[in-house]
Each structure stands twice: as structure tokens, then as C-alpha cells.
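Residue numbers (UniProt numbering): 1 to 238.
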């Protein structure tokens, strides 16, 4: 067996016989009621895709990093306090979902996953992003939507040279992050519903690669040239 779907089954425990499925590559355990750390999974060393979203997990096994073949991991909609230190061993991981995961502090282990291409930390309670985010040089899609950020480590974000889409909506960011205008592949930027009061000159924005910019919800926003219709400069993010 290489694919197993046991989602939407009201499971409270991981079925013990799952640990005997050594050839599993895709395992869907989402939308259950699992509470205890899924230690039964850590021996599935061939696993590539693991979905654990919409459960009641607060911890992962200390040796969760033994799942070194994982390329996709969804842990969204749980209640984690932190991630295990062994998480840094998931070096094949390309896509990580930690949306609505109950996080109040940025999980530093994530910054070691240099192969990540898509990362979501949306709908948590993060107040800051560490400079080490700049280590994730392969990121093309990133979301910090609906957190409590007031600023970004701009020098670190300037290192994300592959980034194409960035979601920062529904935070408390007060200044337009100028470093983002230097990213040569960034095409979509959502800064709606923040606290931005001024934006760069229109010519500066026009000269960068961003072609989808959303500034809605920044009610006090003004441009350097007040005659420009900045409050109408809303390109809806797709």
C-alpha cells in the first residue's frame, strides 16, 4: 500500500496497524479528533505526503524528524505550542502548512528547511518574524496573513530572491516594506488591512515586478503625491 486515506473518520488515536505499512508514500489523517502525538508514524520513512490538519494535536513526537522523505506536510488547524527540534531534519520538505496552528512564537526550526517553496503561517498570533527567514532562499509562496506583525526584518526579506507571491494582509504593519520592491520575481503582494499610512512613489512601484498589489483597508494611506488616487490603488490579489 502506498496511499492511505483515513480522513474524516472521527479518529482519536492513530490506528496501530498504520506503522506496519512501510511502503506508504501518501497518508491522509486530516479532519479527525487526534489528540496524542502520532508516534506510530515516525517509522514510515518512505512517506512523502502527510496531512494532519484539523485535529486536536498539541505536540509532535520528539523524533518526528525521522520522516526525512517528506516533501509535503499539512499541520494546519491544530493547537501547537512548539515544534520538536528534530523538525530541522525534514530537509526534503517543499511545502509546509501551519495555518491556524495555535502558534504565538515563530517556530525557528522552520528556518532550517532550505528546500521549502511554499510556507503558510497564516492565522496564528505571531508578533515578529526572525531574520533567519532569509535562509529560505527557495521560497516562491509565503503567507503571514492574519497575525500580529508590526514590521518585517527587511534585510532578510531582501534575500528571498525566488519569492513570487507574498500574503501579509490583516496584520498591524505600519510602514510599506521597501525591501520588497527589490525582489525581482515578486509579482503579487497583499498588504490589505494593515496600518500603513504612506507608500512609495508611484514611479518606484511601477518600476518593480509587482503587478498585483492590494492596499485595501489601510484607511489613512497617502502617497508622496497627494493628487494621486492612492485610496483607489487596489489591485485585487488572485
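From the three backbone atoms N, C-alpha and C, an ideal C-beta is built for every residue, glycine too.
Look at residue 214 here: in three-state DSSP terms it is strand.
Between residue 196 and residue 179 a beta carbon distance of about 15 Å is seen, past the 8 Å cut, so the two are scored as non-contacting.
Of the other Cβ atoms in all chains shown, fewer than 16 fall within 10 Å of the Cβ of residue 15; this residue is therefore exposed. With respect to residue 170, residue 145 sits close: the two C-beta atoms are nearer than 7 Å.
Membership of residue 18 in any alpha helix (DSSP H) is not indicated, and neither H nor E is assigned to it by DSSP. For residue 3, the enclosing beta strand (DSSP E) stretches over residues 3-5. Spatial neighbours of residue 42 in its own chain (CB-CB distance under 8 Å, excluding positions within 5 residues in sequence) are listed in chain order as 61, 63, 64, 66 and 67.
Beyond the five residues adjoining it in sequence on each side, residue 9 comes within less than 7 Å, by CB distance, of 32 in the same chain, given in chain order.
With fewer than 16 other Cβ atoms from the protein chains shown falling within 10 Å of its own Cβ, residue 155 counts as exposed. Rounded to the nearest angstrom, the gap between the Cα atoms of residue 210 and residue 99 is 25 Å.
Burial check for residue 76: the Cβ neighbour count within 10 Å reaches 16 or more, so the residue is buried. Shortest Cα-Cα distance from residue 12 to any of 202, 52, 23 and 120 involves 52.
Taking all protein chains shown into account, residue 193 has 16 or more neighbouring C-beta atoms within 10 Å of its C-beta and is therefore buried. DSSP places residue 72 within a strand segment (E or B) once states are collapsed to three.
Burial of residue 122 is indicated by the presence of at least 16 other C-beta atoms within 10 angstroms of its C-beta. Under DSSP, residue 118 forms a beta bridge with 95 and 141. Taking each of 101, 107 and 158 in turn and checking the Cα distance to residue 54, the smallest one comes out for 101. For the stretch 26-57, the continuous beta strand (DSSP E) assignments of 3+ residues that do not extend past its boundaries occur at 26-28 and 49-51, in sequence order.
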